[in-house]
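The block underneath contains the structure these notes are about, expressed in structure tokens.
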């Protein structure tokens, strides 16, 4: 079911909402709520530009632009029989960039026009629309598109990501039937604990099979390993690293079904101790069934809710700096390098719209 609100009605609604907030909180109250929208079901560049033009002098009333994205398509197996391919195919995952690039360009255009330092949020995302799909958006395989989407959007100027949903459908993070939590819950928790607000550039270069040159290695091998880098979140620094600055966190995804990747890192990162959070299926020996497991392993230990308590998520510490960093096939997760001494991570992130940010 789709609906389209006429632009004029939407503009009028935002103006009235802004007036109500100003009346209740005043103009300069630091606790004043943000005005967020229009939160359309898709990002249509033409429509958003037309909406901005219609807002005219009232455009400043909006603080955050939002939209929804369901990059896997419909949840129904009849309408979308190849969802596994959508989740594990690097080329298909990259189609997300068309939307995020357009959204980023839209907000940058408004900022360059001197209007305001607008924020950009993903207002809703759950992988597959119409409530997701059982054994897909609530299982181990869901982590590949989810973590890739988190990393991609963060790298393209999205400040916030709203996951659909905590409870409900087959994309919920909690299973209210078994009272267990689905694998994406742990992915989201670790992202929140480990990935700070300052986003860094990370690239994968010169990928090759062991004993072969880069030119003799198929192109797709390098496409199957994905890396995203942030300054480490202060949660980890306070809990594990004595508030050390300069720490770096990598989020990684290995889409390869049989190929493990050994990462050769540059700079001070390669001489740092590291904290590994490697997520794999508890049935990783069974390539097919393992993808659809409702549980996930963290560093070889299956995570389960016991006595209504979410399990702790301890890292695997590697203190031997000469030990290779190996990313197993069909895995995703995070690596923290407390001794990276990254220059960009020595200073706190820049505030948005005058509101201080916590690293």
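Residue numbers (my numbering): 141 to 499.
A virtual CB, placed ideally from N, CA and C, is assigned to each residue, including glycine.
In chain order, what residues of the same chain have a beta carbon less than 8 Å from the beta carbon of residue i, not counting five sequence neighbours either side?
i, result
"residue 451", "443, 444, 445"
"residue 479", "384, 386, 387, 408, 411, 412, 413"
With 8 Å set as the bound, which would you pick, yes or no: does the beta-carbon of residue i sit closer than that to a beta-carbon of chain D?
i, result
"residue 301", "Absent here is chain D; the protein component of the structure consists of one chain."
Just the Cα atoms here: how many angstroms apart are residue i and residue j?
i, j, result
"residue 483", "residue 387", "9 Å"
"residue 264", "residue 188", "17 Å"
"residue 465", "residue 439", "13 Å"
"residue 141", "residue 209", "The predicted position of residue 141 is uncertain, since its pLDDT is 45 and thus under 50; a value taken from the coordinates is nonetheless stated next. Cα to Cα, residue 141 sits roughly 16 Å from residue 209."
"residue 233", "residue 448", "35 Å"
"residue 296", "residue 329", "21 Å"
"residue 230", "residue 363", "6 Å"
"residue 392", "residue 402", "12 Å"
"residue 494", "residue 417", "For residue 494, the predicted structure reports a pLDDT of 46, less than 50, and the residue's modelled location is therefore unreliable. The matter cannot be settled from this model."
"residue 154", "residue 292", "29 Å"
"residue 354", "residue 405", "17 Å"
"residue 172", "residue 201", "12 Å"
"residue 366", "residue 236", "14 Å"
"residue 327", "residue 434", "13 Å"
"residue 206", "residue 462", "45 Å"
"residue 496", "residue 198", "The pLDDT assigned to residue 496 is 44, lower than 50, so where the model puts this residue is not dependable, and the model offers no usable value."
"residue 381", "residue 415", "10 Å"
"residue 311", "residue 168", "39 Å"
"residue 481", "residue 419", "26 Å"
"residue 421", "residue 283", "10 Å"
"residue 166", "residue 371", "35 Å"
"residue 258", "residue 243", "12 Å"
On a Cα-Cα basis, can you pick out the residue from the options that is closest to residue i?
i, options, result
"residue 109", "481, 264, 204", "This structure cannot settle anything about residue 109, because the visible part of the chain is limited to 141 through 499."
"residue 183", "254, 159, 261, 221", "261"
"residue 228", "460, 397, 153, 258", "397"
"residue 192", "220, 224, 218, 152", "152"
"residue 407", "477, 460, 463, 382", "477"
"residue 441", "399, 405, 353, 453", "453"
"residue 307", "320, 256, 342", "320"
"residue 278", "314, 289, 455", "314"
"residue 431", "455, 470, 157", "470"
"residue 185", "276, 394, 238, 332", "238"
"residue 181", "163, 211, 165, 169", "211"
"residue 196", "160, 250, 336, 170", "250"
"residue 221", "268, 257, 305", "268"
"residue 335", "352, 357, 389, 350", "389"
"residue 332", "472, 274, 290, 158", "290"
"residue 288", "379, 369, 273", "369"
"residue 179", "164, 160, 150", "150"
Report all residues from its chain with a CB closer than 7 Å to the CB of residue i; omit the five preceding and five following residues, and keep chain order.
i, result
"residue 270", "214, 215, 216"
"residue 147", "190, 191, 194"
"residue 460", "none"
Starting from residue i, follow the beta strand (DSSP E) in both directions and report where the run begins and ends.
i, result
"residue 148", "No beta strand (DSSP E) contains residue 148, which is instead part of the alpha helix (DSSP H) from 147-165."
"residue 419", "414-420"
"residue 206", "204-209"
"residue 472", "471-477"
"residue 391", "388-394"
"residue 368", "365-372"
"residue 302", "300-303"
"residue 354", "Premise fails: residue 354 is in no beta strand (DSSP E) and is neither H nor E."
"residue 110", "The requested residue 110 is not part of the displayed model; the chain covers only 141 to 499."
"residue 402", "401-403"
Span of the alpha helix (DSSP H) holding residue i?
i, result
"residue 330", "323-334"
"residue 283", "282-295"
"residue 111", "The first residue shown for the chain is 141 and the last is 499, placing residue 111 beyond what the model contains."
"residue 243", "236-252"
"residue 226", "223-228"
Can you find the residues in the same chain that come closer than 6 Å, C-beta to C-beta, to residue i, ignoring five residues on each side of it along the sequence?
i, result
"residue 511", "Nothing can be reported for residue 511: it is not among the residues displayed for the chain, which extend from 141 to 499."
"residue 361", "347"
"residue 294", "339"
"residue 274", "310"
- Query: At what residue ranges does the region 435-470 contain a whole run of the beta strand (DSSP E), taking only runs of 3 or more?
  - Reply: 456-458, 465-467
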